[in-house]
Amino acid sequence: MGPYRSVARPLLFALPPEAAHRVAQRMLGLPLPWGRIGGAVRDDALAVTLAGIELRNPVGLAAGFDKTGRHLDALGRLGFGYVIGGTFTDRPRTGNPKPRIVRIPERSSMVNAMGLPNPGAEAAARTLKKLPRTSPRFASIADQSVDEVLRTHALVEGHVDAVELNVSCPNVSWGRDRDNEAHLGDLLRELGARRSKPLFVKLPPFRSHVEREVVLALAAIAQAGGAEALTCSNTQLVPEPRLSTGAGGLSGRDLFVGTMENVAEVHRATGGELPVNASGGVFSAADAMACIEAGATTVQVYSGLIYRGPRIVRELTGGLAGSLRSRGLSVPAVVGTAQPAT
Ligand SMILES: Cc1cc2nc3c(=O)[nH]c(=O)nc-3n(C[C@H](O)[C@H](O)[C@H](O)COP(=O)(O)O)c2cc1C
0 MGPYRSVARP LLFALPPEAA HRVAQRMLGL PLPWGRIGGA VRDDALAVTL
50 AGIELRNPVG LAAGFDKTGR HLDALGRLGF GYVIGGTFTD RPRTGNPKPR
100 IVRIPERSSM VNAMGLPNPG AEAAARTLKK LPRTSPRFAS IADQSVDEVL
150 RTHALVEGHV DAVELNVSCP NVSWGRDRDN EAHLGDLLRE LGARRSKPLF
200 VKLPPFRSHV EREVVLALAA IAQAGGAEAL TCSNTQLVPE PRLSTGAGGL
250 SGRDLFVGTM ENVAEVHRAT GGELPVNASG GVFSAADAMA CIEAGATTVQ
300 VYSGLIYRGP RIVRELTGGL AGSLRSRGLS VPAVVGTAQP AT
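All letters in the sequence shown, in the order written, are residues 0 to 341 by numbering that gives the first Met the number 0.
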């Protein structure tokens, strides 16, 4: 057990989740040797291209960990292949009332109902503008109306390598109360006319047959609308009486099996033409490899960073590199190799 799991995690977990997160953010603001702390393994076998963006490895930091974008430089120094800031919205948002995150340590999972608190697109753009680039970085954006998304996109796009459109946050009403398919089509049409960087679409997870149909329809709309990659998936809406909202998005190990299935289905449904980023319960190199073999070009971590600490970057990159080397392969050569022949 490393120093994070034996010392830092017990201290952080003694605090409420949001207080622990603030401590972690403050640490990231310190000039610590982040490269050594993350310990990412560099190996040509790990290099991938995501929508034309060269990544040193396929392990990304998922949206929502750095909601202000202020620590993307330190997070990039940990050695992630890419980092995502946000989700940013047009106007600043305070999010839902607290408590809005609970841990489920026995299952290495969490449920959150943050409701997208963030400083707003103008402040985010100012932050990103002055922050050193230490890895490829993306901005996650979402909003109520098409116009708000367009304004947010216009403000942040110039400061990042790609934008991830979050159409899957379970903690805000707009995902539930409208025709998501028509809305995504409108968004992609309007953004298509304006954008100059790759655009990814982050889809919700599916468990039931009905949800599967909805998500595959969104994937098809994203593909037809010119999205360059899909992220599968976001958190899964579950009841949680300890949250102020009574329900929230489940993340962590509980999601993993579903993530692999979602990745495989979306990869197959889009004919393998769109890169897929796997998000949900990735904690180990074996998890990452399983997602890549199921069809993911990259994996993203959030809960894994909370439960395993910054060394997760080394564990994932080192484990993937070792396994690929022993088979004489590279990441691009194994993407989708576990897909059943059609
Ligand atoms: C506290 C918390 C806040 C999150 N905020 C966002 C967000 O703002 N935007 C987003 O797209 N996803 C957000 N997510 C979802 C993560 O990006 C990720 O998709 C999800 O947690 C599943 O991955 P994991 O099991 O590795 O955590 C959040 C997750 C958590 C736990």
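Idealized CB from N, CA, C, for every residue including glycine. Since the model is a prediction, treat every value here as computed from it, not as a measurement.
Return the chain-ordered list of same chain residues with a C-beta closer than 7 Å to the C-beta of residue i, the five sequence neighbours on each side being excluded.
{"i": "F64", "result": "Y301, L304"}
{"i": "L154", "result": "A120, E121, A124"}
{"i": "V262", "result": "C231, V275, A277, C290, A293, G294, A295"}
{"i": "T151", "result": "F87, T88, D89, A120, I140, D142"}
{"i": "Q24", "result": "H70"}
{"i": "V47", "result": "L54, P57, T296, T297, V330, P331"}
{"i": "D160", "result": "I52, P135, R136, F137, K196"}
{"i": "I311", "result": "V300, G303, L304"}
Measure the beta-carbon distance from residue i to residue j and round it to whole angstroms, keeping in mind my assumption that it falls under 8 Å.
{"i": "G1", "j": "G308", "result": "7 Å"}
{"i": "T133", "j": "D42", "result": "Not quite, the Cβ-Cβ distance comes to about 19 Å (not below 8 Å), so this is no contact."}
{"i": "L11", "j": "A19", "result": "4 Å"}
{"i": "P16", "j": "V101", "result": "7 Å"}
{"i": "E163", "j": "F205", "result": "The Cβ separation is near 19 Å, so there is no contact."}
{"i": "L45", "j": "L328", "result": "Contact flag wrong, Cβ pair sits at about 11 Å."}
{"i": "G34", "j": "R4", "result": "That pair is no contact at about 20 Å."}
Identify, in the order they occur along the chain, each residue of the same chain with its Cβ nearer than 6 Å to the Cβ of residue i, setting aside the five sequence neighbours on each side.
{"i": "Y306", "result": "S107"}
{"i": "R69", "result": "T126"}
{"i": "Q299", "result": "G59, A61, N276, S278"}
{"i": "L315", "result": "V58, A284, A287"}
{"i": "T244", "result": "N95, A112"}
{"i": "Q235", "result": "P204, L249"}
{"i": "R8", "result": "none"}
Quick check: residue i and residue j, are their CB atoms within less than 8 Å of each other?
{"i": "V200", "j": "A219", "result": "no"}
{"i": "L202", "j": "L242", "result": "no"}
{"i": "N111", "j": "R92", "result": "no"}
{"i": "I52", "j": "P274", "result": "no"}
{"i": "E88", "j": "A122", "result": "The identity of residue 88 in the sequence shown is Thr, whereas the question assumes Glu. For T88 and A122, no; Cβs fall outside 8 Å."}
{"i": "N165", "j": "S139", "result": "yes"}
{"i": "L249", "j": "V237", "result": "yes"}
{"i": "T269", "j": "S232", "result": "no"}
{"i": "S322", "j": "A284", "result": "yes"}
{"i": "V330", "j": "E292", "result": "no"}
{"i": "L254", "j": "R193", "result": "no"}
{"i": "S225", "j": "G191", "result": "The sequence shown places Gly at residue 225, not Ser. Their beta carbons are under 8 Å apart, which means G225 touches G191 by this criterion."}
{"i": "E180", "j": "L217", "result": "yes"}
{"i": "P54", "j": "T336", "result": "The question names Pro, yet the displayed sequence has Leu at residue 54. Taking 8 Å as the Cβ cut-off, L54 and T336 do not qualify as a contacting pair."}
{"i": "G38", "j": "R252", "result": "no"}
{"i": "L94", "j": "G80", "result": "Sequence inspection shows Gly at residue 94; the Leu mentioned does not correspond to that position. For G94 and G80, no; Cβs fall outside 8 Å."}
{"i": "G317", "j": "V22", "result": "no"}
{"i": "T67", "j": "P118", "result": "yes"}
{"i": "E227", "j": "A50", "result": "yes"}
{"i": "E156", "j": "S195", "result": "yes"}
Would residue i count as contacting chain D if we go by Cβ distances under 8 Å?
{"i": "I311", "result": "Note that chain D does not occur in the displayed structure, where there is just one protein chain."}
So, at 8 Å on beta carbons, what are the nonlocal neighbours of residue i in its own chain, with the 5 sequence-adjacent residues on each side left out?
{"i": "M109", "result": "P16, I100, V101, R102, I103, L249, S250, G251, S302, I305"}
{"i": "P30", "result": "none"}
{"i": "K128", "result": "H158"}
{"i": "E147", "result": "T88, D89, R90"}
{"i": "I36", "result": "L77, P309, R310"}
Point to revise | Runs of beta strand (DSSP E) wholly within the stretch 158 to 214 (minimum 3 residues, chain order) | key: 161 to 165, 198 to 202
Exercise for review: Could you tell me which uninterrupted alpha helix (DSSP H) segments, each at least 4 residues in length, are contained entirely in the stretch 275 to 324, listed from first to last along the chain?
Suggested key: 284 to 293, 302 to 307
Check your understanding: Can you give, in chain order, each stretch of the beta strand (DSSP E) that sits fully within the stretch 89 to 140 and has at least 3 residues?
Key -> The qualifying runs are 100 to 103, 108 to 111, 136 to 140.
Point to revise | Any alpha helix (DSSP H) of 4 or more consecutive residues that is wholly inside the stretch 29 to 93 | key: Secondary structure remark: continuous alpha helix (DSSP H) runs of at least 4 residues inside the stretch 29 to 93, in chain order: 33 to 37, 71 to 76.
Check your understanding: Residue ranges of each beta strand (DSSP E) run of no fewer than 3 residues wholly in the stretch 216 to 271, ordered along the chain?
Key -> 228 to 231, 235 to 238, 246 to 251
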